[in-house]
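> If you're matching positions, the sequence shown starts at 187 in the numbering used here and goes up one per residue. Built from N, CA and C at the ideal position, the CB exists for glycine as well.
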Amino acid sequence: MLQIIIGLFVFCVILFFYLHVHFHLKTSNDLEIYEIEQASKDKMEEICDLRQPVLFDCDEDTEKITRTTSQSYLLDNYPIFEVKIRESSLNKNEVDNENLFLPLPLHIATKLFREDKNAAYYSEGNSDFLAETGAQKNMSYNDEFLRPFLVSNCNYDILMGSSGVVTPLRYEINYRNYFLVTQGSLKVKLVPPKSARYLYPVKDYENLEFRSQINPWNPQPKFRADFDKVKCLEIVLTPGKFLFIPSYWWYSFKFDENTSVSSFKYRTYMNNIAISPHIFMYALQNQNVEHKIAKQIDIKGLNQGQKNGETTNISELAVLSEAKGEGEAKGEGEAKSGEVTSISELIVNKDGFIANETTNINELTNANIIGENELINANQFVSAI
187 MLQIIIGLFV FCVILFFYLH VHFHLKTSND LEIYEIEQAS KDKMEEICDL RQPVLFDCDE
247 DTEKITRTTS QSYLLDNYPI FEVKIRESSL NKNEVDNENL FLPLPLHIAT KLFREDKNAA
307 YYSEGNSDFL AETGAQKNMS YNDEFLRPFL VSNCNYDILM GSSGVVTPLR YEINYRNYFL
367 VTQGSLKVKL VPPKSARYLY PVKDYENLEF RSQINPWNPQ PKFRADFDKV KCLEIVLTPG
427 KFLFIPSYWW YSFKFDENTS VSSFKYRTYM NNIAISPHIF MYALQNQNVE HKIAKQIDIK
487 GLNQGQKNGE TTNISELAVL SEAKGEGEAK GEGEAKSGEV TSISELIVNK DGFIANETTN
547 INELTNANII GENELINANQ FVSAI
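(1) Given this structure, state the Cα-to-Cα distance separating Val337 from Ile461, to the nearest angstrom.
(2) Short of 6 Å in beta carbon distance, which residues of its chain neighbour Leu332, apart from the five on each side in sequence? Order them along the chain.
(3) On the three-state DSSP scale, how would you describe Glu351?
(4) Is it true that the CB of Thr368 sits closer than 8 Å to the CB of Thr213?
(5) Let me confirm a value: Gln406 is counted as buried when at least 16 other C-beta atoms fall within 10 Å, else exposed. Which label applies?
(6) Hey, would you say Phe267 sits closer than 8 Å to Leu292, going by beta carbons?
(7) Out of Leu298, Asp228, Glu330 and Lys415, point me to the one whose CA is closest to Glu249's CA.
(8) Please report the distance separating the alpha-carbon of Asp537 from that of Tyr327.
(9) How would you write the range of the beta strand (DSSP E) that Gln369 sits in, first residue to last?
(10) DSSP state of Thr254, grouped into three classes?
(11) In chain order, which alpha helix (DSSP H) runs of at least 4 residues are fully inside the stretch 413-486?
(12) Since I believe Leu366 is in contact with Phe428 (beta carbons under 8 Å), could you give me their beta-carbon distance rounded to a whole number of angstroms?
(13) With a Cβ-Cβ cutoff of 8 Å, do Asn419 and Leu376 count as a contact?
(14) Hey, Leu385 and Ile400 are a contact pair by Cβ (cut 8 Å); roughly how many whole angstroms apart?
(15) Could you tell me if Gln322 is buried or exposed, where buried requires 16 or more neighbouring beta carbons within 10 angstroms of its beta carbon?
(16) Excluding five sequence neighbours on each side, which residues of the same chain lie with their C-beta closer than 6 Å to the C-beta of Glu221?
(17) Note down the Cα distance separating Tyr342 from Ile233, rounded to an integer number of angstroms.
(18) Compare the C-alpha of Glu223 against each of Cys244, Leu236 and Lys415 and name the closest.
(19) Between which residues of its own chain and Lys389 is the CB-CB distance below 7 Å, once the five residues before and five after are set aside?
(20) List the endpoints of the continuous beta strand (DSSP E) containing Asp243.
(21) Can you list, in chain order, the residues of its chain whose CB lies under 8 Å from that of Leu355, leaving out five sequence neighbours each side?
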């Protein structure tokens with residue numbers, strides 16, 4: 187009798203977990219976007235559980251989030267705090283994730299976005315920025331309508347970028363994923379989960395990101411035949427509009443000028459159990475990866491620079507370049523001001539201002555160094571204000 191009771195108990199526990207895991211892993215593939223107006227909390231949860239994209243307006247509480255997390259508000263109040271800059275994978279092959287993000291002060295990042303004519307840079311993964319500035323509290327205090335029941339993890343983020351820049355086509359594994367446009371205009375392209383076999387997915391467990399190699403806005407020639415089989419949804423979001431993107435739905439953003447987006451991602455306890463294989467792989471991968479926080483510095487070069495009266499402050503060594511070739515280093519490398527086309531041109535002096543003139547690293551590759559490698563100190567070609 188006792189064995190029967192234990193057997194029934196074990197069966198019920200397994201059935202309980204199976205039903206919940208199955209619920210969190212199920213998807214929907216209908217090419218439809220639902221739009222609702224003034225729905226209640228229960229109604230909102232019911233609609234989101236249909237696993238279809240949902241478009242809705244913010245309420246009074248979330249309007250506060252729109253005001254306090256816009257790019258202009260953050261720039262006026264927290265200009266010196268650092269945000270993470272990422273180069274679009276369409277302009278760079280992101281095989282090596284070592285330098286996926288580069289931290290820059292917000293006022294410098296804004297200048298980069300404004301003067302970037304190649305639509306190459308955007309910012310995301312700014313949870314540290316939100317925590318340091320206190321903006322995260324404004325989001326957590328006013329997102330009660332968005333939070334699912336039995337929530338365990340809340341992840342907030344701010345996204346912004348250059349005009350015309352696009353994010354990778356990717357999907358999320360979180361239970362709830364909301365995006366709120368706080369400034370500007372945002373184009374969104376959505377792809378249902380069933381099309382994954384045509385998208386050449388890449389599972390990046392170092393960053394827990396699941397992205398495609400294809401540019402959905404302008405497919406590469408080698409992927410065009412497969413991408414033509416994919417059916418997409420495209421919408422435009424304006425300030426005050428929320429978009430719910432279900433888990434496993436692929437999405438890509440295209441930023442307009444001066445556009446910022448607030449991101450809200452939630453997990454429940456059962457959601458964590460359902461995606462535990464991914465979480466385990468993420469933890470295992472990060473245990474086996476050594477991150478280099480800063481570039482390696484040649485100590486001999488620093489000592490030599492100190493003897494010559496040059497600075498050895500690491501913060502002033504903004505750019506280190508290895509010189510090769512035969513002697514044309516002197517006289518070349520006149521500073522060029524104006525349009526910023528590379529992050530390497532955003533060199534900051536010790537007072538936190540951008541140098542008006544910088545020298546392109548490519549112009550320094552003709553220096554005459556024979557027999558040994560030499561690191562050029564940044565203050566040899568940075569003109570400080």
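In this structure, then:
(1) 15 Å
(2) Tyr364 and Phe450
(3) The amino acid occupying residue 351 in the given sequence is Val; Glu does not appear at that position. Correct three-state label for Val351: coil.
(4) no
(5) exposed
(6) yes
(7) Glu330
(8) At Asp537 the pLDDT is 42, less than 50, meaning the model places this residue with poor confidence; the figure from the coordinates comes in the next sentence. Going by the C-alpha atoms only, they are around 35 Å apart.
(9) Arg362 to Gln369
(10) helix
(11) 455-460 and 462-473
(12) 5 Å
(13) The displayed chain sequence assigns Leu, not Asn, to residue 419. Their beta carbons are under 8 Å apart, which means Leu419 touches Leu376 by this criterion.
(14) 6 Å
(15) buried
(16) Leu241
(17) 22 Å
(18) Cys244
(19) Phe396
(20) Val240 to Asp243
(21) Lys375, Val377, Leu385, Arg397, Ser398, Ile400, Asn401, Pro402, Trp436, Tyr437 and Ser438
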